[in-house]
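Q:
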Amino acid sequence: MSTAAPASPLRYLGGYPEPLLAQVRELIETERLGPMLARRYPEPHQVRTDRALFDYVDELKSRHMRNAGPLAKVHYDNKLHVIRNALGTHTAVSRVQGGRLVAKREIRVATLFRDAPAAFLRMIVVHELAHLKQREHDKAFYALCTHMEPDYHQLEFDTRLYLTQLELAAGSGDAG
Numbered sequence: 001m002s003t004a005a006p007a008s009p010l011r012y013l014g015g016y017p018e019p020l021l022a023q024v025r026e027l028i029e030t031e032r033l034g035p036m037l038a039r040r041y042p043e044p045h046q047v048r049t050d051r052a053l054f055d056y057v058d059e060l061k062s063r064h065m066r067n068a069g070p071l072a073k074v075h076y077d078n079k080l081h082v083i084r085n086a087l088g089t090h091t092a093v094s095r096v097q098g099g100r101l102v103a104k105r106e107i108r109v110a111t112l113f114r115d116a117p118a119a120f121l122r123m124i125v126v127h128e129l130a131h132l133k134q135r136e137h138d139k140a141f142y143a144l145c146t147h148m149e150p151d152y153h154q155l156e157f158d159t160r161l162y163l164t165q166l167e168l169a170a171g172s173g174d175a176g
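Residues in the sequence shown are numbered consecutively from 1, following UniProt numbering.
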């Protein structure tokens with residue numbers, strides 16, 4: 001018999017107020033969380049390949065952040081969620097090329113977003129694009145996120161609910 005404590009089903013929701021967490025617990029206990037998310041976010045996306053993801057990210061970047069430097073690489077990464085407990089990352093690698101300092105920017109998105117609703121992919125892409133200009137999760141960062149996606153805060157919360165549902169379904173052996 002295992003003595004390890006089970007992972008909190010609300011580990012993605014740290015920092016939210018207790019009354020809201022109580023509502024989430026009730027949705028979980030009554031098995032309404034998954035159906036609620038499926039009703040609210042029925043739209044899948046067609047961004048299946050790394051090339052399609054690059055084009056999707058680049059289009060959002062062109063629309064909202066014309067002055068940000070070019071992206072060298074954008075791809076799905078199947079190691080992000082497991083190893084780093086991250087859903088996306090952004091990096092800038094600087095190299096000297098011919099006496100110039102050149103920065104190559106890269107965005108990686110957790111592979112689980114390949115099968116997520118379209119709105120959740122958009123939220124994580126907006127989040128990582130905002131990091132191109134704002135490194136810290138501060139007021140300016142979230143202002144940029146909401147500039148690119150007005151419903152950003154709701155989508156971030158619902159993405160956290162989605163991750164909670166995925167974890168609960170995996171623990172029970174259900175597919176979704």
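Where a beta carbon is used, it is the ideal one built from N, C-alpha and C, also for glycine.
Determine the DSSP secondary structure at V109, reduced to helix, strand or coil.
A: Taking the sequence shown and counting its residues from 1, the one referred to as residue 109 is at position 109. Looking at V109 - three-state DSSP - the assignment turns out to be strand.
Q: Leaving out five residues on either side along the sequence, give the residues of the same chain with a beta carbon under 8 Å from the beta carbon of L33.
A: Counting from one through the sequence shown, the residue named residue 33 turns up at place 33. Only V24, L27, L161, T164, Q165 and L168 meet the Cβ criterion.
Q: Could you tell me if M36 is buried or exposed, where buried requires 16 or more neighbouring beta carbons within 10 angstroms of its beta carbon?
A: Start at 1 with the first residue of the sequence shown, and residue 36 comes out as number 36. Under this definition M36 is an exposed residue.
Q: In terms of residues, what are the limits of the beta strand (DSSP E) holding D77?
A: On the sequence shown, position 77 is the one that residue 77 refers to. L71 to D77 is the extent of the beta strand (DSSP E) around D77.
Q: By Cβ distance, which residues of its chain are closer than 6 Å to T159, with the 5 residues on each side in sequence left out?
A: Start at 1 with the first residue of the sequence shown, and residue 159 comes out as number 159. So the qualifying residues of the chain are F120 and M123.
Q: Whole-angstrom Cβ separation of V126 and Y152, contact assumed at under 8 Å?
A: Here residue 126 refers to the residue found at position 126 of the sequence shown. Here residue 152 refers to the residue found at position 152 of the sequence shown. Their Cβ separation, rounded to whole angstroms, is 6 Å, which keeps V126 and Y152 in contact under 8 Å.
Q: Could you check whether L129 and V57 sit closer than 8 Å to each other, using their CB atoms as the reference points?
A: Here residue 57 refers to the residue found at position 57 of the sequence shown. Here residue 129 refers to the residue found at position 129 of the sequence shown. Cβ distance < 8 Å, so V57 and L129 count as in contact.
Q: Whole angstroms is fine: what's the gap from E18's alpha carbon to K61's?
A: Position 18 of the sequence shown, counted from the first residue, corresponds to residue 18. Position 61 of the sequence shown, counted from the first residue, corresponds to residue 61. Going by the C-alpha atoms only, they are around 36 Å apart.
Q: What number of angstroms, rounded off, separates the C-alpha of R114 from the C-alpha of R40?
A: The sequence position of residue 114 within the sequence shown is 114, counting from 1. The sequence position of residue 40 within the sequence shown is 40, counting from 1. Going by the C-alpha atoms only, they are around 18 Å apart.
Q: Please list the terminal residues of the continuous alpha helix (DSSP H) segment that includes T146.
A: Here residue 146 refers to the residue found at position 146 of the sequence shown. It spans K139 to M148 - the alpha helix (DSSP H) in which T146 sits, taken as one unbroken run.
Q: Checking 8 Å against the spacing of the C-beta atoms, do A118 and P44 come in under that value?
A: Counted from its first residue, the sequence shown places residue 118 at position 118. Counted from its first residue, the sequence shown places residue 44 at position 44. Yes, the pair counts as a contact, with Cβ atoms nearer than the cut-off.
Q: What is the rounded straight-line gap between the Cα of E156 and the Cα of M65?
A: Sequence index remark: in the sequence shown, residue 156 carries index 156 (1-based). Sequence index remark: in the sequence shown, residue 65 carries index 65 (1-based). Each residue's alpha carbon lies about 20 Å from the other.
Q: Please confirm whether K133 and A68 have their CB atoms less than 8 Å apart.
A: Indexing the sequence shown from 1 puts residue 133 at position 133. Indexing the sequence shown from 1 puts residue 68 at position 68. A contact, by the Cβ cut-off of 8 Å.
Q: Does DSSP classify R84 as helix, strand or coil?
A: In the sequence shown, counting from the first residue as 1, residue 84 sits at position 84. In this predicted model, R84 has a pLDDT of only 48, less than 50, meaning its place in the structure is not dependable enough to derive any value.
Q: Of all the options R48, E59 and V47, which has the alpha carbon lying nearest to the alpha carbon of L71?
A: Locating residue 71 in the sequence shown gives position 71, counting from the first residue. Here the closest residue by C-alpha is E59.
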